[in-house]
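Participant:
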Ligand code: PHE
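Residue numbers (the numbering used here): 89 to 431.
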């Protein structure tokens, strides 16, 4: 019985000196495991006299329970300590300044493309994908610009070889759309995309720029349809009060050809710096599809007629957002892009 008391007191003091969960594990192995001191006390049972057996057994059990309870308590305490330590290490210091997130922005010329596209989709147009690498045939010949035609000088071209080039105008999509149709049916498309010319880059010129081409072919299309369409477009794009004016111009693939001005949305036509005191701002080129082009693309000009227009995207974006230099669209300077938010 005295040995029993010794095991209990030793156990308690060893438990007391446990300073962490690993020393606690060692304690458990030494005292409370199957081969531990408390279990081995039962080995003395055979040496105990019959009348004392019960008392001995009860005492061993009591020691076991006492040490076990003390062990569990200590174990819970260490677990709590570990948890608190972990929580403390993982706390977020909300007083620290956050890391700034700079989300991507939509380049304003894409905003204009989206806006123009929406306007024409509302009018029942389809969007046609063009291609940046074109053949001389589609970029020039089918648009009534044969080799040696002086109009080629207007659009200095990046050639890959004598027949392959970077398209100088989205008008190439006109020829594709008309030629592709096995059965000639009415056409009403816009084609937004990039075009390339060997221009020296400056504030108003870029060797790469975007255009939106429009083409309508049907029976009985007249210049009145062109004018009404562009007037509606100008009002939706620049405001209800806008008017348009057509000035005669020249493009080989349209006849007659026009340059289209919109009344100045900055001064309402009175004259200001934006419109260079003329009251008008040029926004696009257009015209009635040249019968020669219709014919080359398989549409009988006796039956069909059409109009086409080409909007300069950067020009419209510059006017709309007051941007002074076309090169800004291509420099990806976040200070320039950050005010623009897409849909
Ligand atoms: N392709 C012409 C240009 O780039 C614009 C245009 C398109 C003119 C369609 C008339 C009709 O200048």
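All C-beta atoms in this analysis are idealised placements derived from N, C-alpha and C, irrespective of residue type, glycine included.
Would you mind stating whether residue 224 and residue 259 have Cβ atoms separated by less than 8 Å?
Facilitator: no
Participant: Below 8 Å on the Cβ atoms is my contact criterion, and I expect residue 398 with residue 372 to pass it. Report the Cβ-Cβ distance as a whole number of Å.
Facilitator: 6 Å
Participant: Secondary structure at residue 423, three-state DSSP: helix, strand or coil?
Facilitator: In the three-state DSSP reduction, residue 423 falls in the helix class (H, G or I).
Participant: Taking the runs of the alpha helix (DSSP H) that are 4 residues or longer, which of them lie wholly in the stretch 166–252?
Facilitator: 196–210 and 224–227
Participant: Could you check how far apart the C-beta atoms of residue 339 and residue 345 are, in whole angstroms? I think they sit under 8 Å.
Facilitator: Correct: roughly 4 Å between the Cβ atoms.
Participant: So what's residue 151 in DSSP terms, helix, strand or just coil?
Facilitator: helix
Participant: Where does residue 196 land, buried or exposed, given buried means 16+ other C-beta within 10 angstroms?
Facilitator: buried
Participant: Any chance the stretch 301–308 sits against the stretch 382–397, with 3 or more Cβ pairs inside 8 Å?
Facilitator: yes
Participant: State the start and end residues of the unbroken beta strand (DSSP E) segment that holds residue 286.
Facilitator: Here residue 286 belongs to no beta strand (DSSP E), and DSSP marks it neither H nor E.
Participant: Could you pull the start and end residues of the alpha helix (DSSP H) that residue 374 belongs to?
Facilitator: Where residue 374 is concerned, there is no enclosing alpha helix (DSSP H), although the beta strand (DSSP E) it sits in stretches over 368–377.
Participant: For residue 293 versus residue 284, is the C-beta distance shorter than 8 Å?
Facilitator: no
Participant: What residue from 142, 199 and 244 has the CA that sits closest to residue 287's CA?
Facilitator: 244
Participant: Going by DSSP in three states, residue 91 sits in which element: helix, strand or coil?
Facilitator: helix
Participant: Closer than 8 Å is the cut-off here; do at least three beta carbon pairs connect the stretch 368–383 with the stretch 166–177?
Facilitator: no
Participant: Would you be able to state if there are at least three C-beta pairs under 8 Å between the stretch 90–103 and the stretch 135–153?
Facilitator: yes
Participant: How big is the Cα-Cα spacing for residue 297 and residue 402?
Facilitator: 7 Å
Participant: Assign residue 271 to one of two classes, buried (16 or more other C-beta atoms within 10 Å of its C-beta) or exposed (fewer than that).
Facilitator: It counts as exposed.
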